[in-house]
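Please read the structure below before turning to the comments.
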Amino acid sequence: APAVPAPPAGTGLARITTRQAVQATAGAGFALVVGQLVSGDRWYWAVGATWWVFVNTTSRGETLVRGFRRVLGTVVGIGLGFLIAVPVAGAPVPTAVLAAACVFGIFYTAAVSYTWMMLCVTLLAELLYGLLGVLGPGLLALRIAETGVGALGAALAVLFVLPVTTHAVTDVWIQRAL
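If you number the sequence shown the way our numbering does, the last residue is 180 and the count never jumps.
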């Protein structure tokens, strides 16, 4: 029988899951407010970006890198969308084939490159918005802006709300290994 993982060490705010929950909530709060100022219709893109940045991170450094990769994947995905999604906008068959390729890309690249995964997620969203007939430069610019707001919310939260340095995390890993 597989062993049940031990619960996270620490109590209260010293517990990693509690700290991350507080940070993610603070970051999402920032993203919610600023995202609404950017767009009353698509503010949830900023909140979603904040949440995604926090998934599977344990330190300030990891979270900052993840935020950068989130924005990079979105920007590159938008650029690729101009070449791929815009020309097939509204065409169901090529959109379905490309959407399936994006879903494959999301799962294939998730373990090896967050940037590539987010590129595939962004391209998938563009394809679907093209199918709905709402894909355009304004929407794509808004996607970049809201993603940037979400990444900024995560960055501010890990820098100023219960920060834990990457150095502290690696020290714990080294102590466990010894």
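The C-beta atom is built at its ideal place from N, Cα and C for all residues, glycine as well.
Query	Result
Report yes if the CB atom of PHE56 is closer than 8 Å to the CB atom of GLN25, and no otherwise.	yes
Are GLY152 and ALA33 touching if we call contact CB-CB under 8 Å?	yes
Label THR149 either buried or exposed according to how many other C-beta atoms from any shown protein chain fall within 10 Å of its C-beta, with 16 as the threshold for buried.	buried
For chain B, check one thing: does any of its Cβ atoms lie closer than 8 Å to the Cβ of ALA28?	Among the chains in the structure shown there is no chain B, since it carries only a single protein chain.
If you measure between the beta carbons of LEU154 and ARG21, is that distance less than 8 Å?	no
Considering only the beta carbon of each residue, do TRP76 and ARG145 sit closer than 8 Å?	Here residue 76 is Thr; the residue named in the question, Trp, does not match the sequence. Their beta carbons are under 8 Å apart, which means THR76 touches ARG145 by this criterion.
Residues in the same chain with beta-carbon distance under 6 Å from TRP45, minus the five sequence neighbours each way, listed in chain order, please.	GLY37 and GLN38
Ignore the nearest five residues each way along the sequence and tell me which others in LEU133's own chain have a CB closer than 7 Å to its CB.	GLY92, PRO94 and THR97
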